[in-house]
Amino acid sequence: GESVGLHLPTLSVQEGDNSIINCAYSNSASDYFIWYKQESGKGPQFIIDIRSNMDKRQGQRVTVLLNKTVKHLSLQIAATQPGDSAVYFCAENTGPGNQFYFGTGTSLTVIP
Amino acid sequence: DGGITQSPKYLFRKEGQNVTLSCEQNLNHDAMYWYRQDPGQGLRLIYYSQIVNDFQKGDIAEGYSVSREKKESFPLTVTSAQKNPTAFYLCASSIVASRGVQHFGDGTRLSIL
């Protein structure tokens with residue numbers, strides 16, 4: 025199967041600081057990526073996605089960066105808030121008809 | 088509101104018993120999925136369905152069964168053949184099979200008595 029991993033299993037940041045969560049993927053054929061947020065006891069929520077023809081995409085307080093050369097994906101959260109505390113994981117897809125593969129996740133804790 | 092509803096939230100299974108997890112969506116999505124989530128692991132695909140009356144095995148289908156008789160419903164049965172069923176089970180749906188953004192329910196936690 026595909027390998028989607030995260031560099032840091034846990035991350036603690038001060039409220040108001042920026043957070044960066046990383047994800048490495050192993051399949052150079054992957055061309056679509058999604059970041060999800062999962063709060064305790066709940067299902068994952070879509071945050072942002074990016075296709076391989078882009079290297080950056082911005083949403084509300086979030087930015088995803090894609091570096092295809094080193095097969096690396098990152099999620100940046102600006103002005104991190106206590107409500108951002110959750111597990112974040114990435115998912116990759118290699119093309120239509122193929123399944124997504126999910127990373128193990130990084131637990132983000134925001135310190136008030 | 089449109090969304091995915093999973094029930095029950097918590098489920099307990101006795102040894103040798105089959106249990107069925109419910110998943111209903113009112114998003115009019117064609118594709119539906121079942122994942123298993125274990126601590127420290129990424130989501131693993133159990134089964135998926137691209138259209139009504141059709142479904143395919145995922146990476147860990149052994150010990151599970153599904154049906155897709157209606158577009159909005161995709162129940163998962165955890166059979167007694169599944170020797171390690173304790174996990175958090177997530178159902179998802181997407182407009183386009185295996186490509187569009189998958190929207191998830193809030194899961195069912197299955198435990199063994």
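Read top to bottom, the protein sequences are chains A and B. The first sequence: position 12 = 36 (the numbering used here), numbered continuously. The second sequence: position 87 = 174 (the numbering used here), numbered continuously. Idealized CB from N, CA, C, for every residue including glycine. Here the structure is a predicted model, which means the values were calculated and not measured.
### Query
Taking one C-beta from the stretch 116-123 of chain B and one from the stretch 174-181 of chain B each time, how about it: are there three or more such pairs within less than 8 Å?
The stretch 116-123 of chain B makes contact with the stretch 174-181 of chain B; the number of CB pairs closer than 8 Å reaches 3 or more.
### Task
Quick one: grab the DSSP three-state call for ASP108 (chain A).
Looking up residue 108 (chain A) in the first sequence gives position 84. Three-state result, ASP108 (chain A): helix.
### Task
Using a cut-off of 7 Å between C-beta atoms, extract the partners of PRO106 (chain A) located in chain B.
For this step, residue 106 (chain A) is matched to residue 82 along the first sequence. Per Cβ cutoff of 7 Å: no residues; PRO106 (chain A) is ~21 Å from chain B at best.
### Query
Candidates A:GLY127, A:SER131, A:ILE135: which alpha carbon is nearest ALA48 (chain A)'s?
Working through the first sequence from its first residue, we reach residue 48 (chain A) at position 24. A check of alpha carbon separations from ALA48 (chain A) across A:GLY127, A:SER131, A:ILE135 identifies A:GLY127 as the nearest.
### Message
Assuming ILE147 (chain B) is part of the beta strand (DSSP E), what are its boundary residues?
### Response
By one-based count along the second sequence, residue 147 (chain B) stands at place 60. Counting along the chain, no beta strand (DSSP E) covers ILE147 (chain B), and no H or E run does either.
### Task
Please report the residue range of the beta strand (DSSP E) in which ASN91 (chain A) lies.
Taking the first sequence and counting its residues from 1, the one referred to as residue 91 (chain A) is at position 67. Element bounds for ASN91 (chain A): 86-91.
### DSSP bridge partner residues for LEU99 (chain A) (one or two, in chain order)
For the purposes of this step, residue 99 (chain A) is taken as the residue at position 75 of the first sequence. For LEU99 (chain A), DSSP records a beta bridge to A:ILE45, A:VAL88.
### Message
Taking the alpha carbon of SER180 (chain B) as the reference point, which residue from B:GLY145, B:LEU114, B:ARG131 has its own alpha carbon closest?
### Response
Translated into the one-based positions of the second sequence, residue 180 (chain B) becomes position 93. With distances taken between Cα atoms, SER180 (chain B) lies closest to B:LEU114.
### Query
Tell me, which residues are paired with MET119 (chain B) by DSSP?
Taking the second sequence and counting its residues from 1, one reaches residue 119 (chain B) at position 32. Note: MET119 (chain B) sits in a beta bridge opposite B:SER136, B:SER180.
#### Entry: Separation of GLN123 (chain A) from TYR153 (chain A), as counted between CA atoms
Any property of residue 153 (chain A) remains undetermined from this structure, which presents chain A solely from 25 to 136.
### Query
With 16 other CB atoms within 10 Å as the buried threshold, where does GLU102 (chain B) fall?
Walking along the second sequence from the start, residue 102 (chain B) turns up at place 15. So GLU102 (chain B) ends up on the exposed side.
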